[in-house]
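Engineer: Here's a structure for you.
Residue numbers (our numbering), protein chains in the order written: chain S, 1 to 107; chain Z, 1 to 114.
Shown next, in the form of structure tokens:
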């Protein structure tokens, strides 16, 4: 199985901050990576697919990059609605696997 | 806009079979992968398996011996059966579309308890 490791596991940030989350795959996955946002009690919401492609309707303050084993998700200016847990997921090989999540807290 | 909705009993007894159905609306079930994913309370996400619209399946090896996913194209539904459940199977169960999960159901909490 491909292990997905996210860092940090949690972070505290202020409104307006630029935030970057990292996801590392245990082996190369090309660009077969997705990012999700999950708020408490809600289903995850798709933000990014193919490592850097924004899903329809997702604001441009979200951006992502990477290929191979190292990936990042950046929120350019954190807003109150962005406080949530973020997950990466690889779909290069089976079983499909997720990172452990990064919880973005209000400072 | 495609929508997914899980349905099934919220409580299952240990050693019994968990059965869930996902109803797809706003789009056809054809030409897509349809997955089940679960999330134990306070924990991360685990992919259970998928069924392709042609009936081909792929399961997570960690659950493969206990899982069956099936599809009813005439009803635009697909289903999950997980047998011999234990307390470790207590989780919110989600259905989702595609292998990069573009669309999700709202999730349903399944508790395994006597």
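Virtual Cβ for every residue (Gly too), placed ideally from N, Cα, C.
1) For the beta strand (DSSP E) that contains residue 81/S, what are its first and last residues?
2) Run the CB neighbour count on residue 14/Z, radius 10 Å, all protein chains shown included, and call it buried at 16 or more, exposed below.
3) For residue 47/Z and residue 89/S, what's the separation of their Cα atoms in angstroms?
4) Leaving out five residues before and five after residue 79/Z in sequence, what residues of the same chain have Cβ atoms less than 6 Å from its Cβ?
5) Anything in chain Z within Cβ reach of residue 40/S, meaning under 7 Å, just list it in chain order.
6) Who does residue 78/Z pair with in a DSSP beta bridge?
7) By alpha-carbon positions, which one of 65/Z, 17/Z and 36/Z ends up nearest to residue 99/Z?
8) Between residue 83/Z and residue 74/Z, what straight-line distance do the alpha-carbon atoms span, to the nearest angstrom?
9) Check distances from the C-beta atoms of the segment 86 to 114 of chain Z to those of chain S and list, in chain order, the residues that come in under 9 Å.
10) Could you compute how far the alpha carbon of residue 63/S sits from the alpha carbon of residue 2/S?
11) Whose C-alpha, out of 16/Z, 24/Z, 88/Z and 39/Z, is nearest the C-alpha of residue 1/Z?
12) Nearest-angstrom Cα distance between residue 49/S and residue 11/Z?
13) With which residues is residue 45/S paired in a DSSP beta bridge?
14) Relative to the C-alpha of residue 62/Z, which residue among 89/Z, 55/Z, 3/Z and 41/Z is closest?
15) Among 33/S, 42/S, 69/S and 71/S, whose alpha-carbon lies nearest the alpha-carbon of residue 55/S?
16) At the 8 Å Cβ level, is residue 61/Z part of the contact set with chain S, yes or no?
17) What are the start and end residues of the beta strand (DSSP E) that includes residue 66/S?
18) Give the single residue among 114/Z, 102/Z, 76/Z and 97/Z whose Cα lies nearest to the Cα of residue 86/Z.
Structural biologist: The answer reads as follows:
1) No beta strand (DSSP E) holds residue 81/S; DSSP gives it neither H nor E.
2) exposed
3) 10 Å
4) If we look at residue 79/Z and ignore the five residues flanking it on each side, its Cβ neighbours are 21 and 70.
5) Neighbours of residue 40/S on chain Z: none; closest Cβ ~10 Å, over 7 Å.
6) According to the DSSP secondary-structure assignment, residue 78/Z is paired through a beta bridge with 22/Z and 71/Z.
7) 36/Z
8) 25 Å
9) 92, 94, 96, 98, 99, 100, 101, 102, 103, 104, 105, 106 and 107
10) 24 Å
11) 24/Z
12) Spanning the two alpha carbons is a distance of roughly 34 Å.
13) 37/S
14) 89/Z
15) It is 33/S.
16) Answer yes: the Cβ-Cβ gap between residue 61/Z and chain S drops below 8 Å somewhere.
17) 62 to 67
18) 114/Z
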